[in-house]
Each structure stands twice: as C-alpha cells, then as structure tokens.
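In the UniProt record's numbering, the protein residues as written are 1 to 125. We put the beta carbon where it would ideally sit given N, CA and C, even for glycine. Here the structure is a predicted model, which means the values were calculated and not measured.
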C-alpha cells in the first residue's frame, strides 16, 4: 500500500477537506473490471453532479468505487501524477478500455479469421 508521500494524487487533492454536507454515494456499484469503464465514469459523474462534488473531491471519492484489481492499478501510478479528475478518468478509461462494450453488427463477423482463412470464405462457399 502506498504511503502518503507516494500517492498518485497531487498534494492539492490530498489537502482538500471534504465538504460539511458530504455523503458517500451509496448506490454506485464498485468497478470490478467487468463493465464498460466509460459507463462507470458516466454514472459517477451523474452522482457527482447531484451531490455537487468539486473536481478535486471527485478524485478520492472515485477511488473508493474501485475494487482491489483497479486499486492495484491506481497504486502503480506515479506519485503526484493526478491533478484533476479529468486526468484520473482518462487514465482509468485507457487502462480498462478492453472492458469497453461495443455494439456488434453482422458486418463485423466477416472480419474474423483463423490461420489466414477469413470466415467470409467459409460462409460464402
């Protein structure tokens, strides 16, 4: 576990006090790596809007929505490298982009190939 001096959050985030009206979002699902990271961020941003979280406060609150695997990724980020939530969310989406859900189409199936043999050749003949 990182010590206070090697946390990825910049010091201006670390010294920010939680507002008196702060309530932890209880309805947000934890990010476990099985859902689209953009969806998780969108849900968090909507909650942040409702609770009027500042950009600085969003960072440590968002961290609490990450499960162990994502928190391990966070611990490996360079100390002081995150100054704004936009940076944090961008790094998060980039890291977990393989979990992004894409709309599948019939056309996409013809791009599948195995050992230099496209599925299209098999289906059409």
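Does residue i come out as helix, strand or coil in the three-state DSSP assignment?
i, result
"residue 22", "coil"
"residue 74", "helix"
"residue 49", "helix"
"residue 68", "helix"
What residues are listed by DSSP as bridge partners for residue i?
i, result
"residue 82", "9"
Measure the alpha-carbon distance for residue i versus residue j and round it to whole angstroms.
i, j, result
"residue 51", "residue 86", "18 Å"
"residue 39", "residue 18", "25 Å"
"residue 63", "residue 49", "17 Å"
"residue 29", "residue 84", "22 Å"
"residue 73", "residue 36", "16 Å"
"residue 34", "residue 71", "15 Å"
"residue 53", "residue 46", "10 Å"
"residue 55", "residue 15", "14 Å"
"residue 31", "residue 115", "36 Å"
"residue 6", "residue 57", "19 Å"
"residue 97", "residue 24", "26 Å"
"residue 26", "residue 69", "20 Å"
State the CB to CB distance for the pair residue i and residue j, rounded to an integer number of angstroms; the pair is presumed to be in contact (CB under 8 Å).
i, j, result
"residue 95", "residue 41", "Their Cβ separation, rounded to whole angstroms, is 12 Å, which puts residue 95 and residue 41 out of contact at 8 Å."
"residue 65", "residue 44", "6 Å"
"residue 59", "residue 88", "5 Å"
I'd like to know if residue i contacts chain D, where contact means its C-beta is closer than 8 Å to some C-beta of that chain.
i, result
"residue 16", "No chain D is present in this structure, which holds just one protein chain."
Report task. Flag this pair as touching only if the stretch 76-95 and the stretch 5-15 have three or more C-beta atom pairs under 8 Å; answer yes or no. Result -> yes
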